[in-house]
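Counting from 0, one number per residue, gives the positions in the sequence shown under numbering that gives the first Met the number 0. To start, the structure under review is shown below, and the notes come after it.
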Amino acid sequence: MSTFSRDTEIFRDEDMLREDYQPESITAREEELEAYKTALQPVVNGAQPRNIFLYGKTGVGKTAVSRYLLTRLQQDTAQYDDVDLSVVWLNCTNLSSSYQVAVNLVNELREPDEQISTTGYPQQRVFDILYEELESIGGTILLVFDEIDHIGSDDEILYELPRARSNGYLESVKPGVIGISNDFGFRDELSPKVKDTLCEEEIHFPPYQAPELEAILQRRVDGALYDNATAAGVISLCAALSAQDTGSARQALNLLYKAGELARAAGESTIIESHVHEARDALEQSQIEHGMRELTRHGHLALVATLDLALQDATPARVRDIYPRYRTIAEHSDADPLVRRRMHDHLADLSMLGILDRWARNEGRAGGQYYEYEFKVDLTTVCEVVADFEGISLPDTVARHT
Ligand code: ADP
Ligand code: MG
């Protein structure tokens, strides 16, 4: 007997449940598609493109809808000889400035053996190289900056590119910028001149409601799972749980995928509701672990200080008890301790992430209010995560548990 054999139950094509799978059709986004189409119409007419800004929380279809519609746009404009459309897609995750975006864009357009270095050029020089590259492509060029909020307030490029033609940097090119952001705050914090230029056409993607998520899941499941792989109510449970939490299709898909994996691991041929609940717990757990790892250095220090107290049964603890532990650990780790109030902000963040629980208490007759903190997650998990922190000198109590 062989060790491995193909699944004949549950998953028919599990890749279809992955978030990077591009669906052939878009479900439940009629209004947004309509607005997007209208904003792209000048391209079809061979006119100067509008700049478009899409925003909405993660998992609400911004990337999927853009890919779908821009592919259609390319197909449908092929019939017009006077429209020469190129779409250049850049994911800006990990790019924190206009300079980096410009360099990466140049490298996206160039052959592998002609890449430019990511440092060392004056910004204007990189823009000049970029304009040369765009000129050599010519025609209408749509530049899609996905996850553009990563560039923060260094947003010069969003001003420069849309105006490059009227400023005489581009001659034969009609550039259009499509910015996609997960962060509502990013739009408001754009410099006023960028806001005027980029946000010519804004399209907001609201979170999905349960019936919309159910429709999206159902479409996906038809190809991804074998018939009868889900018990009645499973799809609507995944949709309902995700709608209550984030309204994200990504979350709903992940939940169903994980539930399927749990069913497969248990050797069962049907996904039932309890698999979905288990899947949710598992995903929440890994999300919290991820949240702990991604904290800043002072977030890590505040976490370790609270953990130290928890391991000595000294939680729930007040800020006035956690703060001295934090100071000591920071000093031993060669970090300048923050003032107490700033450190308290980090504790508040930890409770927002679901890592700590916190309660407000009243000071009795003296009046005033204070907070008490305690771990909301399993200490063993916290110890495992903390063991990987670099550059933090762990107190003995914690070190013994890692
Ligand atoms: P965002 O870019 O807003 O974070 P995505 O476009 O990546 O979200 O969507 C997350 C996942 O959900 C992807 O797998 C995507 O294919 C799917 N999805 C989202 N919205 C829809 C939709 N309206 N129809 C079909 N699939 C969708
Ligand atoms: Mg996206």
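Ideal placement from N, C-alpha and C gives every residue a C-beta, glycine not left out.
Sequence-distant residues of its chain with Cβ nearer than 7 Å to residue i (five each side left out)
i: Q21; result: A63 and R66
i: P394; result: D307 and I328
i: V102; result: I115, T117 and V125
i: E31; result: V64, I202 and F204
i: V86; result: L69, Q73, L141 and V143
i: S285; result: none
i: C91; result: V100, F144, D145, E146, I147, H149 and I150
i: A34; result: I202
i: E362; result: Q368 and Y369
i: P174; result: L133, I140, L142, L160, P161, A163 and R164
i: A376; result: According to the sequence provided, residue 376 is Val. The question's Ala does not apply to it. Once the five neighbours on either side are set aside, the close Cβ partners of V376 are I287 and I354.
i: S241; result: L212, S247, Q250, A251 and L254
i: K192; result: Y158
i: P41; result: Q47, P48 and R49
i: H343; result: V318
i: R324; result: A304, D307 and L308
i: Y322; result: R339 and M342
Residue i versus the options, residue with shortest Cα-Cα distance
i: H402; options: T327, G353 and K61; result: Here the chain has residues from 0 to 401 only, and residue 402 is not among them.
i: D244; options: L212, A223 and K257; result: L212
i: G290; options: L141, G246, D348 and D195; result: D348
i: A238; options: R341, R162, G45 and L254; result: L254
i: G298; options: L355, Q284, T269 and T57; result: L355
i: N181; options: D154, E146, D14 and V303; result: E146
i: V43; options: R341, Q78 and F185; result: Q78
i: L53; options: V275, K36, P41 and A46; result: K36
i: K56; options: R326, P323 and A248; result: A248
i: R340; options: F374, I215, A301 and A309; result: A301
i: A228; options: S1, F3, E8 and T2; result: E8
i: E293; options: S4, V318 and V384; result: V384
i: E107; options: W88, I25 and Y120; result: W88
i: V82; options: M0, L346 and A46; result: A46
i: V59; options: R49, Q40, P48 and I25; result: I25
i: R296; options: M0, R279, E277 and E330; result: E330
i: D221; options: A38, D112, R399 and D14; result: D14
Chain-order list of residues whose beta-carbon lies under 6 Å from that of residue i (same chain, five-residue window excluded)
i: T401; result: C382 and A386
i: L252; result: L16
i: R357; result: S350, Y370 and Y372
i: G178; result: F52, F144, I147 and L197
i: R218; result: T26
DSSP-derived helix/strand/coil call for residue i
i: Y54; result: strand
i: G290; result: helix
i: D19; result: coil
i: T76; result: helix
i: L337; result: coil
i: Y369; result: strand
i: I128; result: helix
i: F3; result: coil
i: L169; result: coil
i: R317; result: strand
i: I391; result: coil
i: D377; result: coil
i: D226; result: coil
i: T117; result: coil
i: G175; result: strand
i: I354; result: coil
i: D145; result: strand
i: E267; result: coil
i: E201; result: strand
i: A163; result: coil
i: S180; result: strand
i: I150; result: helix
i: R219; result: helix
Cβ separation of residue i and residue j, assumed to be a contact under 8 Å, to the nearest whole Å
i: S332; j: S392; result: 5 Å
i: A477; j: E371; result: In this structure the chain extends from 0 to 401, so residue 477 is not present and cannot be described.
i: Q311; j: T396; result: 6 Å
i: I140; j: L133; result: 6 Å
i: L189; j: V176; result: With a Cβ gap of about 12 Å, L189 and V176 do not count as contacting.
i: I51; j: E155; result: So it is not a contact: roughly 19 Å between Cβ atoms.
i: Y158; j: Q122; result: Actually they do not touch by this definition, with Cβ atoms about 13 Å apart.
i: G259; j: I271; result: Contact flag wrong, Cβ pair sits at about 11 Å.
i: L261; j: H274; result: 5 Å
i: A223; j: R11; result: 6 Å
i: Y207; j: A27; result: 7 Å
i: S96; j: D153; result: 4 Å
Within-8 Å CB hit, residue i to chain D
i: V220; result: Within the model displayed, chain D is absent; a lone protein chain is all it includes.
Same chain, Cβ closer than 8 Å to residue i, five either side skipped, listed in chain order
i: G137; result: D83, S171 and V172
i: D320; result: L308 and A313
i: G232; result: E272
Check your understanding: Listed by chain order, which residues have C-beta atoms less than 6 Å from any heavy atom of the ligand MG?
Key -> K61, T62 and D145
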